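Protein chains in written order, with my numbering: chain A, 3 to 244; chain B, 3 to 244; chain C, 3 to 244; chain D, 3 to 244.
Glycine residues also receive a C-beta, built at the ideal position from the N, C-alpha and C atoms.
Since the model is a prediction, treat every value here as computed from it, not as a measurement.
Protein chains: 4
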Amino acid sequence: MDLISELVDANRILFHQRIVDAFGHVSARHPEHAGRFLMARNLAPGQVTAADILEYRVDDGEAVMAGPPRLYLERWIHSEIYKARPDVMAVVHSHSPAVLPFAIARGARLLPVCHMCGFLATADGMGPPTFEIRDVAGDASDLLIRSRELGAALARSLGAGRVVLMRGHGSTVVAESVRVAVYRAVYTEINAKLLLQALPLGELQPLTAGEAEATRITNEAQVDRPWNLWKQLAAAGAVAGS
Amino acid sequence: MDLISELVDANRILFHQRIVDAFGHVSARHPEHAGRFLMARNLAPGQVTAADILEYRVDDGEAVMAGPPRLYLERWIHSEIYKARPDVMAVVHSHSPAVLPFAIARGARLLPVCHMCGFLATADGMGPPTFEIRDVAGDASDLLIRSRELGAALARSLGAGRVVLMRGHGSTVVAESVRVAVYRAVYTEINAKLLLQALPLGELQPLTAGEAEATRITNEAQVDRPWNLWKQLAAAGAVAGS
Amino acid sequence: MDLISELVDANRILFHQRIVDAFGHVSARHPEHAGRFLMARNLAPGQVTAADILEYRVDDGEAVMAGPPRLYLERWIHSEIYKARPDVMAVVHSHSPAVLPFAIARGARLLPVCHMCGFLATADGMGPPTFEIRDVAGDASDLLIRSRELGAALARSLGAGRVVLMRGHGSTVVAESVRVAVYRAVYTEINAKLLLQALPLGELQPLTAGEAEATRITNEAQVDRPWNLWKQLAAAGAVAGS
Amino acid sequence: MDLISELVDANRILFHQRIVDAFGHVSARHPEHAGRFLMARNLAPGQVTAADILEYRVDDGEAVMAGPPRLYLERWIHSEIYKARPDVMAVVHSHSPAVLPFAIARGARLLPVCHMCGFLATADGMGPPTFEIRDVAGDASDLLIRSRELGAALARSLGAGRVVLMRGHGSTVVAESVRVAVYRAVYTEINAKLLLQALPLGELQPLTAGEAEATRITNEAQVDRPWNLWKQLAAAGAVAGS
């Protein structure tokens with residue numbers, strides 16, 4: 003199926019673009035069965051091949067096959083978002099390095115400041131929300147979304163948004179297609195890097211709500227162009243990834 | 003034509019030097035027809051070959067050929083600058099990462115601080131101006147120079163200068179040759195990186211106006227040396243680009 | 003012996019992950035003889051092969067063989083820690099670049115802020131201690147642990163912990179296996195990088211003691227996954243190391 | 003001659019370690035004729051081969067051969083230092099990126115903070131001096147050492163030291179051998195990077211004068227180890243240099 007091939011490419015791109023490393027995962031909702039989604043078995047993203055893609059149930063986050071191989075500990079990040087958000091067709095979870103500071107510092111806002119990053123705008127103008135796992139799991143958890151309950155809590159934090167930060171952990175990004183989800187994961191990291199460099203220079207000018215939406219529409223209409231370039235780069239540097 | 007070959011090299015160098023990525027473009031005015039310029043079709047710079055170079059009209063920014071392939075959305079950055087500036091023979095537009103913070107923070111000045119970057123000096127001593135698209139397109143645009151009117155507004159911001167920053171977007175650099183335009187694009191990024199690191203250290207000493215002009219003349223007379231090195235590096239790492 | 007092969011991989015991984023460069027070393031206690039440990043001869047880690055691994059005595063830090071080749075100047079970092087800590091089965095000493103600032107600035111605390119780095123927590127909540135060699139060797143030493151006495155002083159600073167910073171020098175990381183020691187060395191560097199970027203953003207939220215321990219247990223149980231990925235990456239980029 | 007081969011390696015190492023790029027140069031005094039020195043013709047360091055090494059006169063900085071190819075514009079950096087400093091046997095001039103901020107910000111001190119960088123200590127405890135070319139050449143120069151007079155002024159700034167910063171330009175490093183000069187160039191850059199990261203963390207602890215001298219002696223006695231590793235890395239990545 004084309005979607006399996008697209009998911010394999012997504013894994014390789016996210017690894018080569020250094021959004022994921024040994025950890026992190028990307029999934030896609032089944033194009034014909036809204037109650038199913040596709041994702042690799044428990045494997046580092048850079049090593050995923052078509053044979054590693056399994057089918058899962060949105061309902062309980064488990065693999066459809068009997069006696070599956072080891073699965074990602076945090077598969078409920080994906081299943082519970084698909085459950086809460088019928089519009090979402092792809093999910094990326096990562097610990098991308100420039101985003102993490104924003105998931106660690108109180109009150110740091112990941113506002114969109116460049117025209118490739120308009121999708122980061124939120125209705126309340128505050129940028130993506132931060133999911134604080136202590137609110138649900140107490141203060142001695144291992145911070146992982148390891149149950150349906152925790153996945154549902156994360157999905158509530160995400161709300162109707164596109165990106166949710168996860169305190170001390172990373173972020174999760176959603177979209178209506180694999181290509182747009184990967185684009186958003188890469189550009190969330192780029193916007194974060196840009197903010198880290200720009201903040202010391204003085205008062206910043208984020209995009210207005212109108213600019214954010216206009217730039218988002220324009221860029222997501224062109225998503226094939228960065229996708230094709232990233233796919234080519236990942237193929238050339240697939241193992242080294244550095 | 004030699005200029006086509008030079009333009010292909012420019013695309014590859016700018017990509018390998020990480021000035022452009024999937025986005026960004028470089029053009030050259032036709033050496034015999036001042037009303038024409040050369041630029042790739044809508045393609046990631048790192049993938050441009052001689053067969054992708056098209057001829058455009060300065061007058062309306064459109065391709066000369068009938069039924070052209072997809073063109074860059076922002077071709078009027080180039081056409082309107084060629085129109086306003088008879089002295090300009092090459093234009094580079096990019097979103098290079100260290101420059102963007104200066105196009106986002108109010109009042110951050112990209113002053114030349116090292117002897118490779120004298121071209122950044124401006125008559126008013128304030129460093130390159132910043133084009134604010136809201137002044138022309140309102141506050142809900144997608145920040146792209148997608149018309150003659152917007153290109154003309156950008157050209158007015160550039161004035162008689164060499165570099166113009168574009169708020170929330172990137173920068174545009176001009177020169178009297180492709181090699182000098184590429185040099186300026188690379189060193190605008192290097193000067194920006196240097197400022198980002200030096201600003202926390204204390205009061206900086208920018209070049210005097212005299213030093214800026216003397217260093218500019220010296221370095222631009224030697225432009226073949228970095229060009230030849232960058233061309234060799236780009237050939238060696240053309241696909242990976244990392 | 004499998005452990006020799008594991009040690010060679012550890013050297014290659016630490017070099018490829020840029021934790022060590024020309025300097026730094028990793029050792030493992032002999033699985034059958036608690037009074038012996040294995041480590042390379044004096045060689046840059048990226049160049050270590052199985053033939054370079056020697057056996058040393060915990061008691062005096064010397065090689066067991068007669069007429070050994072040149073040994074690491076700081077082998078007592080390893081021998082004295084094995085002596086003081088019967089639980090420790092592997093030691094990594096490095097000058098990894100993001101950790102050094104924390105070994106240079108008074109009062110900078112390397113607290114665990116992300117879920118991969120829980121092992122950095124200490125009983126006193128202050129993060130890893132810093133060994134100040136002036137306390138033992140006066141203020142004109144070359145900062146190297148070049149004797150049993152200095153190794154014993156370092157081991158006292160480490161105490162019952164997992165990581166000790168060494169002022170003006172680097173750090174030493176210990177664990178109950180080679181894989182976990184390498185994991186800890188890599189993630190101490192990652193946590194340090196994260197703190198350097200996050201500190202300017204505002205008040206940080208370190209992991210609670212409970213989160214640190216829970217995340218440590220979870221991640222160390224999965225250590226084979228990053229280890230296998232890093233081993234594959236190191237094999238692909240073994241010589242370039244860049 | 004072995005020294006020619008060593009100089010070629012030095013050029014390749016400095017390029018691969020990103021101390022020099024298209025610009026920068028390294029020279030060595032002739033081992034038998036104190037009034038002569040060896041250096042490449044005007045060529046990017048990464049492209050230097052044995053056939054490019056020429057012999058120059060210390061007295062006037064010119065090539066010995068009749069009708070030489072193009073020479074480095076700043077050869078008097080080398081000749082005037084060899085003239086003023088009979089103890090110096092090798093000189094490296096570069097624009098290495100982390101050092102430049104210290105050559106741009108008033109009062110920023112490049113003090114040695116780690117045990118690989120003790121050579122940066124100076125008798126007055128202030129770290130390397132900064133040569134301000136305006137003192138000799140007025141305020142409209144191109145900042146280049148393009149005459150014997152300017153080279154002599156730079157040598158006066160260097161005095162009896164090992165490193166001199168050049169405002170708005172870069173630095174020059176000297177030593178009693180090519181290997182130690184290259185080591186010092188690489189570690190001046192590393193110490194600068196470390197300071198840039200550590201300064202925001204709080205009060206720093208530089209090495210004492212005694213520690214600086216002790217560490218310098220220890221590390222320079224081991225210079226073959228990093229040299230051999232860097233030589234191997236440069237050979238593997240010679241063209242890409244990235």
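D:T132 to D:S159, Cα distance in whole Å? Residue numbering aside, residue 132 of chain D sits at position 130 when the fourth sequence is read from its first letter. Residue numbering aside, residue 159 of chain D sits at position 157 when the fourth sequence is read from its first letter. Taking the straight line from one Cα to the other gives about 7 Å.
Anything in chain C within Cβ reach of D:V115, meaning under 7 Å, just list it in chain order. To locate residue 115 of chain D, count along the fourth sequence from 1; it is residue 113. Ordered by position in chain C, the residues that pass the 7 Å Cβ test against D:V115 are I106, G170.
Selection from D:L235, D:N193, D:G140, D:L102 that minimises the alpha carbon distance to D:R169: Residue mapping note: residue 169 of chain D aligns to position 167 of the fourth sequence, counting from 1. Among D:L235, D:N193, D:G140, D:L102, the Cα nearest to that of D:R169 is on D:L102.
By alpha-carbon positions, which one of D:G48, D:A86, D:H27 ends up nearest to D:L75? Your numbering for residue 75 of chain D matches position 73 in the fourth sequence. When C-alpha distances from D:L75 are compared across D:G48, D:A86, D:H27, the shortest belongs to D:H27.
Which residues in chain C sit within 9 Å of D:E213, going by Cβ to Cβ distance? What you label residue 213 of chain D is simply residue 211 of the fourth sequence in a count that begins at 1. Those within 9 Å of D:E213 in chain C are I135, R136, D141, A142, S143, D144, L145, G170.
Determine which residues share a DSSP beta bridge with B:G172 and list them. Locating residue 172 of chain B in the second sequence gives position 170, where the first residue counts as 1. Beta-bridge pairing by DSSP links B:G172 to B:M168.
Can you tell me which of the three DSSP states D:F39 falls into? Start at 1 with the first residue of the fourth sequence, and residue 39 of chain D comes out as number 37. Here D:F39 sits in strand by DSSP.
Is any beta-carbon of chain C found at less than 9 Å from that of A:L156? In the first sequence, the residue the question calls residue 156 of chain A occupies position 154. Chain C, which has no Cβ nearer than 9 Å to the Cβ of A:L156, makes this no.
Under 9 Å, Cβ to Cβ, is there at least one residue of chain B near D:N44? If you number the fourth sequence from 1, residue 44 of chain D lands on position 42. Chain B, which has a Cβ nearer than 9 Å to the Cβ of D:N44, makes this yes.
Taking 9 Å as the CB-CB cut-off, is A:A100 touching chain C? As a first step, residue 100 of chain A is located in the first sequence; it is residue number 98 there, counting from the start. It does; some Cβ of chain C falls within 9 Å.
Evaluate the contact criterion for the segment 207–224 of chain A versus the segment 132–149 of chain B: three or more CB pairs, one atom per stretch, below 8 Å. The count of Cβ pairs closer than 8 Å, one atom from the segment 207–224 of chain A and one from the segment 132–149 of chain B, reaches three, so the stretches are in contact.
Can you tell me whether DSSP reads C:T210 as helix, strand or coil? Translated into positions along the third sequence, residue 210 of chain C becomes position 208. C:T210 falls in the coil class under three-state DSSP.
C:V10 and C:A92 closer than 9 Å at C-beta: Locating residue 10 of chain C in the third sequence gives position 8, counting from the first residue. Locating residue 92 of chain C in the third sequence gives position 90, counting from the first residue. The answer is no: Cβ separation not under 9 Å.
Determine the chain D residues that contact B:P47 at a beta-carbon separation under 9 Å, and present them in chain order. Position 45 of the second sequence holds residue 47 of chain B. Ordered by position in chain D, no residue passes the 9 Å Cβ test against B:P47, which lies about 18 Å from the chain.
Within the 9 Å Cβ cut-off, does C:R227 reach chain A? Locating residue 227 of chain C in the third sequence gives position 225, counting from the first residue. Closer than 9 Å to some Cβ of chain A, the Cβ of C:R227 qualifies, so yes.
Near D:E8, what residues of its chain come up, given a Cβ to Cβ distance below 8 Å and the 5 sequence neighbours on each side ignored? Numbered from 1 along the fourth sequence, position 6 holds the residue referred to as residue 8 of chain D. When the five nearest sequence neighbours on each side are left out, the beta carbons in the same chain lying within less than 8 Å of the beta carbon of D:E8 are those of A30, V180, R181, in order along the chain.
Contacts that B:G109 makes with chain A (C-beta to C-beta distance below 9 Å): Position 107 of the second sequence, counted from the start, is the residue given in the question as residue 109 of chain B. By Cβ distance, chain A contributes L203, G204, E205.
Apart from the five residues just before and just after D:E178, which ones in its own chain have a Cβ nearer than 6 Å to its Cβ? Here residue 178 of chain D corresponds to residue number 176 of the fourth sequence, with the count starting at 1. Once the five neighbours on either side are set aside, the close Cβ partners of D:E178 are M91.
With DSSP as the reference, please indicate the residues paired to A:T132 in a beta bridge. Within the first sequence, residue 132 of chain A is the residue found at index 130, counting from 1. By DSSP's assignment, A:T132 forms a beta bridge with A:L167.
According to the neighbour-count rule (16 or more other Cβ atoms, all chains shown, within 10 Å of its Cβ), is C:A46 buried or exposed? Counting from 1 along the third sequence, the entry for residue 46 of chain C is found at position 44. C:A46 should be labelled buried.
Out of curiosity, what's the CA-to-CA distance linking A:D62 and C:R111? Position 60 of the first sequence holds residue 62 of chain A. Position 109 of the third sequence holds residue 111 of chain C. Going by C-alpha positions, A:D62 is about 42 Å away from C:R111.
C:L235 (DSSP reduced to helix, strand or coil): Taking the first residue of the third sequence as 1, we reach residue 235 of chain C at position 233. Three-state result, C:L235: helix.
Whether A:L167 touches A:P130 by CB criterion (9 Å): Against the first sequence, residue 167 of chain A aligns to sequence position 165. Against the first sequence, residue 130 of chain A aligns to sequence position 128. In this structure, the beta-carbon distance from A:L167 to A:P130 falls below 9 Å.
Inter-stretch contact at 8 Å, needing at least 3 Cβ pairs: the segment 112–123 of chain C / the segment 189–197 of chain C: Result yes; three or more Cβ-Cβ pairs closer than 8 Å.
Fully enclosed by the segment 3–69 of chain D, which alpha helix (DSSP H) runs are 4 residues long or longer? Qualifying alpha helix (DSSP H) stretches, in chain order: 4–18.
Closer than 9 Å, CB to CB, is D:T220 near chain C or not? The sequence position of residue 220 of chain D within the fourth sequence is 218, counting from 1. Look at D:T220: its C-beta is under 9 Å from a C-beta on chain C.
Neighbour list for C:L209 in chain A, Cβ cutoff strictly below 7 Å: Locating residue 209 of chain C in the third sequence gives position 207, where the first residue counts as 1. Simply G170.
Determine which residues share a DSSP beta bridge with D:V94 and list them. Position 92 of the fourth sequence, counting from 1, holds the residue named residue 94 of chain D. D:V28, D:V175.
Closest by CA to B:R164, which one among B:V66, B:P202, B:Y189? Working through the second sequence from its first residue, we reach residue 164 of chain B at position 162. Answer by Cα proximity: B:Y189.
So what's D:A275 in DSSP terms, helix, strand or just coil? Residue 275 of chain D falls outside the range modelled here, since chain D spans only 3 to 244, and no answer is possible.
Can you check whether the C-beta of A:I192 is within less than 9 Å of a C-beta belonging to chain B? Numbered from 1 along the first sequence, position 190 holds the residue referred to as residue 192 of chain A. So yes, A:I192 belongs to the interface.
Could you list which residues in chain E have their beta carbon closer than 7 Å to that of D:L198, in chain order? You won't find chain E in this structure, because its protein chains are A, B, C and D.
Assuming A:L40 and A:E57 are in contact, meaning their beta carbons sit under 8 Å apart, how far apart are those beta carbons, in whole angstroms? As a first step, residue 40 of chain A is located in the first sequence; it is residue number 38 there, counting from the start. As a first step, residue 57 of chain A is located in the first sequence; it is residue number 55 there, counting from the start. Sure, about 6 Å apart at Cβ, within 8 Å.
Are the Cβ atoms of A:G172 and A:S96 separated by less than 9 Å? As a position in the first sequence, residue 172 of chain A is number 170, starting the count at 1. As a position in the first sequence, residue 96 of chain A is number 94, starting the count at 1. Contact check for A:G172 against A:S96 passes: the beta carbons are separated by less than 9 Å.
How would you call D:D23, buried or exposed, if buried means at least 16 neighbouring beta carbons within 10 angstroms? To locate residue 23 of chain D, count along the fourth sequence from 1; it is residue 21. With 16 or more Cβ atoms within 10 Å of its Cβ, D:D23 is classed as buried.
Beta-carbon of D:L16 versus every beta-carbon of chain C: anything under 9 Å? Within the fourth sequence, residue 16 of chain D is the residue found at index 14, counting from 1. Not one chain C Cβ lies under 9 Å of D:L16.
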